[in-house]
Every structure is written in structure tokens, then in C-alpha cells.
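Residue numbers (my numbering): 9 to 265. Below is one structure, written out as C-alpha cells, with a few remarks after it.
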Ligand code: URA
């Protein structure tokens, strides 16, 4: 049932209030993880000595030290054109980690991910499922802005990956949601069209942390007719988080018996 509050937020997102039960239920019918994972290739990026060195360096860092390391990173050429690094924002104890592609011009200026119009839409979308920006953690694959917002280069993503991996290890989110084609394809190491990837449950590398994908808010600004599907993805996110929480409680209850 959609509450009055959610209706207001859906309206702000530009989504009509009506919804068919079956469309939402269909999307939350999660296929078997084994079946889905078999469609996803190996997701470990090609490593280099530099990447290995970063991986070793960050392996035991705490949140604050990791933040400092990223701020001082010069591992790839992007450090020459950035204003500042964009570590991520939100609650370090968040259940939901949202991963985008890379900072844009506004993010580079402000040092925070998703602060432009796309960021405002992301905030409205989160509000539609009862979450505030401060409740989740938002990060990007790349911590520096690629010039002219071009797509990330493989050597940039490869070198930046240990930072994201360490963020995930420290956050231990209940769910990761990749937004947009670049982040989704990179995290799942596939090139399957977004329309076919969304609505299904994957996992982040071999961590067991569930991962789903959705459209990038900037794409939704250009294609508002897809906002309904993005809303369905958020409902799926909410349900998966509840499922993981429930499973955790069950395990804890068993352990304390
Ligand atoms: N697009 C992204 O993927 N990330 C941002 O932080 C901003 C725009």
C-alpha cells in the first residue's frame, strides 16, 4: 500500500500514483541466485602491480584513514585534473549502498556524489521508499572526475577498485544498488542491456552481499517514462533489505539459543 507521504514523493519524481500490484510483485520475484550468477562473468578486474599495492595498502585501513588515502591518491592521471576526490556521503552504518559511476563537475566542486539535478532526483526516489539521503551511503566507482565527464578508462577503474572494495568491507551493507550502465556493467563485468539486468538479484563479487541494478538518475531525467521502473527497483531494494535483516535476525536468534 502506498502511503500519502510516498504519493507526494512519487509525484515529485514525476510518477503517476497508480500502480498494478502484479508489476511490482513480478519484479520482486527474485530468481535463483545460482542461476543468475551463472549469467554473470568473473567480476575480478584485471590487476596490475599498482593496483595490488593499493589493495595491500588499504586492506586494514579504518574509515577515516581510508578517506585520507583517497584524498591523497595519485594512482592514475585523474588526479591532475580533479579539484578534489569524492569519497562518498551518508551513513557509514547504512543498510543500502548506492554506487554510481564517477563524480561530475558539481561533485568535483563540492566533494560530494550526486549533488546536481540527478542527485535531487535520487533524493526524491529514496524518499519514495521512506529513506533520506543520510540513511544510505552513496559512492562511485571512480573517486575523481574524468575530464569532460567521459566514461572511465579501464586503468582508472582498476586502480580505484580497491578503495571501493574497502568501503564495502567496512560498510558491510545489506544491499548494494548500482545505478546506471557504467557502474552496473563494471560491477557485474557484463554488457547486458540495463532493461534485462534490472529486477534481479546478483551479489557483489564473492561477498554474498546482494546487488541489484537500476537506471541512473541522469538517464531518468532524460527518459522520465522509465521512472516507474526505477521505483519498482527501489521497492525491490526495500524488500531485499528486509529479507536480509530477517535472515540476520534468524541467524542471531539461533546463535543465542
Ligand atoms: N553521476 C554519477 O554516477 N555519480 C555522481 O556522483 C554524479 C553523477
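Glycine included, C-beta positions come from ideal geometry on N, C-alpha and C. This structure is a prediction, so every number in the text was calculated from the model and none was measured.
C-beta atoms of residue i and residue j nearer than 9 Å
i: residue 182; j: residue 65; result: no
i: residue 78; j: residue 151; result: yes
i: residue 222; j: residue 236; result: no
i: residue 146; j: residue 184; result: no
i: residue 111; j: residue 90; result: yes
i: residue 225; j: residue 126; result: yes
i: residue 114; j: residue 98; result: no
i: residue 166; j: residue 59; result: yes
i: residue 56; j: residue 163; result: yes
i: residue 212; j: residue 187; result: no
i: residue 74; j: residue 153; result: no
Close Cβ partners of residue i (< 7 Å) along its chain, the five nearest in sequence each way excluded
i: residue 61; result: none
i: residue 119; result: 92, 94
i: residue 131; result: 141
i: residue 252; result: 182, 183, 218
i: residue 238; result: 133, 222, 223, 228
i: residue 159; result: 190
i: residue 69; result: 77, 174
i: residue 232; result: 22
i: residue 168; result: 149, 150, 151
i: residue 83; result: 58, 62, 167
i: residue 71; result: 100, 178
i: residue 117; result: 91
i: residue 199; result: 193
i: residue 80; result: none
Contact set for residue i: own chain, Cβ-Cβ below 6 Å, skip 5 residues either direction
i: residue 63; result: 170
i: residue 157; result: 112
i: residue 257; result: none
i: residue 216; result: none
i: residue 202; result: 189
i: residue 155; result: 89
i: residue 128; result: none
Per DSSP, cross-strand counterpart(s) of residue i
i: residue 212; result: Partner(s): none; residue 212 has no beta bridge.
i: residue 95; result: DSSP output for residue 95 lists no bridge partner at all.
i: residue 148; result: 108
i: residue 185; result: 106, 220
Check: residue i C-beta below 8 Å from any heavy atom of the ligand MN
i: residue 95; result: Among the ligands present in this structure, namely the ligand URA, the ligand MN is not found.
Beta-carbon proximity list for residue i, same chain, < 8 Å, skipping 5 on both sides
i: residue 144; result: 98, 99, 102, 103, 104, 105, 106, 134
i: residue 234; result: 223, 227, 228
i: residue 241; result: 35, 185, 206, 207, 220, 221, 222, 223
i: residue 180; result: 217
Do three or more CB pairs link the stretch 240-248 to the stretch 130-145 at distances below 8 Å? yes
Take every Cβ of the stretch 96-114, pair it with every Cβ of the stretch 186-200, and state whether three or more of those distances are shorter than 8 Å. Output reads yes: the stretch 186-200 touches the stretch 96-114.
Quick one: residues with CB closer than 7 Å to any heavy atom of the ligand URA, in chain order, please. My final list is 94, 108, 109, 110, 111, 112, 115, 121, 122, 124, 126, 127, 148, 187, 188, 191, 224, 226.
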